[in-house]
Amino acid sequence: MNNHIYSKGLVVVLIIALFVMTSVGIKLAYKKEDIINSNMNENENLGLNDVELLNDSENVQEEKGIIIDIDGAVRKPGVYECLDGDRVNDIILKAGGLLENAYTKNINKARKLEDGEKIYILEVGEEISDVALFDNSIYNTGELQTSKININNASKEMLMTLEGIGEVYADRIIEYREKTKFKSIEEIKKIKGIGDKTFENIKDKITIK
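When you number the sequence shown by the working numbering, it's gap-free, plus one each residue, and the end is 211.
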């Protein structure tokens, strides 16, 4: 009798133990699944963050700043920060716009700006000899226009705006004047390669004063 009761009690204990173990196993399985899902979500979030950081980096690159110096016939001459890809018209607007007496006939407002350049807008009637020239300035795109170019001090870029004067001839003119200044515009014909035909094309556009 006692053995029978003992056996029944043992069966009950085993059933209870099995039930507890099953419950614990189910809970552990759910917990494991939760951990896996949590890790997957974290990885997805990390992926999204990486994409966002990449996009932010691309935006920074797209909005890279450039520095431009604008002077002359504008309302607020000065140094301005522009965006890479901005046009001449953008820097003119930043400088308050053109003055009424600005020489605008050959200004290329659609040209893209270059970092570090200086733009000088001439006034009507202003001569290039009245303007200080800078080696790092860009004068061959229309921002600096005048009736005559001083061959004794014009930059290489400015000389190259003359008809028939390319880089080689511009270098020769500069090399010549470094030894002796031009005493007349006709003297430019002493430059090798510049003959009567080229001189006739440029004589009304050059000066030595």
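Yeah, the Cβ is synthetic: ideal placement off N, Cα and C, and Gly gets one too.
This structure is a prediction, so every number in the text was calculated from the model and none was measured.
Handout entry: Element boundaries [alpha helix (DSSP H), containing D92]
Key = Per DSSP, D92 belongs to the alpha helix (DSSP H) from 90–96.
Handout entry: Outcome for L220 when other beta-carbon atoms lying within 10 angstroms are tallied against a minimum of 16
Key = The structure shown does not extend to residue 220, since the chain spans only 3 to 211, so no value can be given for it.
Problem - Integer-rounded CB distance, given that V90 should sit under 8 Å from I121 - result: That belief holds up - the Cβ atoms of I121 and V90 are roughly 7 Å apart, short of 8 Å.
Handout entry: Distance CB(G195)-CB(Y178) smaller than 7 Å
Key = No, the Cβ-Cβ distance between G195 and Y178 is not below 7 Å.
Problem - For N110 and E125, the rounded distance between their alpha carbons - result: Their Cα atoms are separated by approximately 16 Å.
Exercise for the section: Give the straight-line distance between the Cα atoms of E169 and K158, rounded to the nearest whole angstrom. Expected result: Those two C-alpha atoms are separated by around 8 Å.
Exercise for the section: Go ahead and label T182 buried or exposed: buried means 16 or more other beta carbons lie within 10 angstroms of its beta carbon, across all protein chains shown. Expected result: With fewer than 16 other Cβ atoms inside 10 Å of its own Cβ, T182 counts as exposed.
Handout entry: Reference D206; option with closest CA among I193, D73, E165, Y82
Key = Measuring from the Cα of D206, the nearest candidate turns out to be E165.
Exercise for the section: Could you tell me whether the Cβ atoms of D73 and P79 are closer together than 7 Å? Expected result: Yes, these two residues count as a Cβ contact at 7 Å.
Problem - Distance, A156 Cα to A104 Cα - result: Going from the Cα of A104 to the Cα of A156 covers about 21 Å.
Problem - Nearest residue (CA-CA) to T209, options D92, I190, E83 - result: Residue I190 is the option with its Cα nearest to T209.
Practice task
For the beta strand (DSSP E) holding K120, just list the boundary residues, first then last.
Solution key: Counting along the chain, the beta strand (DSSP E) containing K120 begins and ends at 120–123.
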